[in-house]
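As you go down the protein sequences, you meet chains R and U in turn.
Residue numbers for the first sequence follow my numbering, so the first one is 1 and each next one is one higher.
Residue numbers for the second sequence follow my numbering, so the first one is 1001 and each next one is one higher.
Where a beta carbon is used, it is the ideal one built from N, C-alpha and C, also for glycine.
No experiment lies behind these values; they were computed from the predicted model shown.
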Amino acid sequence: MTAWTLRRTIDRSRFDLCLDLPGLQRAKRRADADGRLPVLLGVSVVQDGGAPETGGLLCLLFLWHCALPPDSGRQRVLRMTFVDVLNRLLRSVPPWALYLVLAVPAPWYLYQGATGGLGVEPIKALEHALGEFALQLAIVGLAVTPLRRLAGVNLLKFRRAIGIMTFTYVFLHLLVWLVLDVQILSQIWADILKRPYITVGMAGFVLMIPLVATSNNWSVRRLGPRWRKLHRLTYPAVALGGLHYVMLAKGFQIEPLIYLGVILGLLALRVRSLPRLRTA
Amino acid sequence: LTLGAMPGAALAQDDMALEPNAWDEITSYCNYYEFGTRKDDPAQNAHLLTTEPWSITIDGLVDKPGDYALGDILSQMTMEERIYRFRCVEAWSMVVPWNGFELADLLDMVGVKPEAQYVAFETVYRPEEMPGTRYPVLDWPYVEGLRLDEARNPLTLMATGLYGKPMPNQNGAPIRLVVPWKYGYKSIKSIVRITLTDKQPPTSWNKAGPSEYGFYSNVNPEVDHPRWSQASERKIGGGLFAKKVPTLMFNGYEEEVAALYDGMDLKANH
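Structure follows, in structure tokens:
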């Protein structure tokens, strides 16, 4: 059976086909070519006549024009199915919902800090909780592109929300440091200049300001191709955030190094020459 | 009983007003990296440590070296309560009512040879009981040291309890050092070895970051830690809006200990 015969057998009036689903490409390298037919059809809406139990399903049709070699491809089919279902789910979540969800930790931490939930020294605990959450969000933001490229998971429409909320938490982290922690105005400036880990953290924050200022449709339109260029500032900003965490840790601590490692790994995925290095 | 019993107690400072931190504060907010680097890790993990039986090896330049059972030591010591300020190098502080005895009494018990100039201490190191030691946060076991005259100062305490109760594990059970005019990390916990020596002994934090942590580590508001100011501190227990207070020279024990450092450059010997 070939692609066109399949299409003919489906009555288009009864199915709404999602032809934009990412189809598997026929394997290019000879070593793992296994005769897969790149036909992947998502049936998103089954109209009258379809069995009720198929109604809510995303139907994937995946055909093989020759025998499937044992244990080859099967896992890939499953993964593709999972990714498509996930993407479908994600499509139904509006970005504003993410803003709402990500806004929850801030008042929760504050409430915890005020009521003893963060221990007997709530100022540092609050500062660290906000900073750590910001770093986690930044990592999720950096992961959006590799996730799409390597796993097919599409989080692109949430990237602005992730970025803006990352900035928000960095700002809250900074605010707690200024107002509750350092308190003394003259010391704030001295700290920024004299303490390298604070200088690094502040630099990361400053780099984020043009990013958050241009995180709107108007700026994207106005800046055109320059917008993408400007938003590469994300890379040094997040790297500085990770470095800031490593620098403030006492002794040789694993956790900050893991964060920095993940960040550098995600940045390395953007270096084009990396695949060549891997084969060398 | 407490400060009155001490020669030249620093009553001129605000000692009379020293209000000890609550038991829960002292026992829930600890730095004891052998049990983890988060402040609540020690309180969660330190129960794993076996503190009975306990003995301390006392060796080096002493007349009577040997392994001393903790009970045998305690039976010969005069126990006191001492309410001391406790200032962490991280710029937070507490007030702690310790129970213990003067280190000088222990040194007299074993007899210090005249050529001895320093006292070295070592914390117990049991990876199976101390989950934090699975990571190379510091070069385990934890070691500390004092100059002999610092060790002999009447303020220097070997503490075995808090609030009249046995020392909780997370605070350094069963026996720890308390040197109230130095940053908290000098007050080594869960001591298993005391060595008298004629050379300045290595200390854990100094090994980890020589520019950040000196051998002396005296509380000094004028000498900043490279990564933060030491001019002020936050007393634990003030909640989310706790104000910072100025840090006192030698943590408020200037009168008792300043003479130990006459003529020394306290910036170079930080």
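Residue pairing for GLU1080/U: DSSP places it in a beta bridge opposite GLY1100/U. For LEU240/R, there is no enclosing beta strand (DSSP E); the residue is part of the alpha helix (DSSP H) that begins and ends at 234-248.
Out of ALA1208/U, SER1229/U, GLY1238/U and LYS1186/U, the CA that lies nearest to the CA of ALA1022/U is found in GLY1238/U.
With contact defined as three or more Cβ pairs closer than 8 Å, the region 230-237 of chain R and the region 113-123 of chain R are not in contact. A direct Cα-to-Cα measurement between TRP227/R and GLN112/R gives close to 39 Å.
Sequence-ordered contacts of the region 1232-1258 of chain U with chain R read SER1232, ARG1234, ILE1236, GLY1237, GLY1239, LEU1240, PHE1241, ALA1242, LYS1243 and LYS1244 [C-beta pairs closer than 8 Å].
Between the region 1207-1216 of chain U and the region 1188-1199 of chain U, the count of Cβ pairs shorter than 8 Å is below three; the stretches do not touch. The Cβ atoms of ALA237/R and MET208/R sit closer than 7 Å to each other.
At a cut-off of 7 Å, the C-beta of PHE252/R has a neighbouring C-beta in chain U.
A direct Cα-to-Cα measurement between GLN136/R and SER219/R gives close to 26 Å. One alpha carbon belongs to GLY1145/U, the other to TYR1118/U, and they sit about 7 Å apart. Here the alpha carbon of ASP1059/U sits roughly 14 Å from the alpha carbon of PRO1114/U.
By a beta-carbon distance limit of 8 Å, ILE1175/U does not contact GLU1122/U. Their separation comes to about 12 Å. VAL206/R: member of the alpha helix (DSSP H) spanning 196-213, first to last residue. By DSSP's assignment, HIS1225/U forms a beta bridge with TRP1228/U.
Its Cα nearest to that of ILE1026/U, the residue CYS1088/U stands out among PRO1136/U, ASP1224/U and CYS1088/U. The alpha-carbon of LYS1267/U is positioned some 50 Å away from that of PRO146/R. Using beta-carbon distances, THR1037/U counts as an interface residue toward chain R, with a partner under 7 Å.
Apart from the 5 residues on each side of it in sequence, VAL182/R sits with its Cβ closer than 6 Å to the Cβ of ILE188 in its chain, given in chain order. Residue-level contact by beta carbon fails for ALA203/R and chain U, as no gap is shorter than 7 Å.
Here TRP108/R is exposed. Its C-beta has fewer than 16 other C-beta atoms within 10 Å. For a cut-off of 8 Å, the C-beta gap from PRO1097/U to ILE1083/U is around 5 Å, short enough to register as a contact.
Take the alpha-carbon of GLY1100/U and the one of VAL179/R: they are about 39 Å apart.
With fewer than 16 other Cβ atoms inside 10 Å of its own Cβ, MET1079/U counts as exposed.
Under the 8 Å Cβ criterion, the region 1123-1130 of chain U does not count as touching the region 1069-1077 of chain U, having fewer than three qualifying pairs.
Under the three-state reduction of DSSP output, GLY113/R falls in the helix class.
At a cut-off of 7 Å between beta-carbon atoms, ALA114/R makes contact with chain U.
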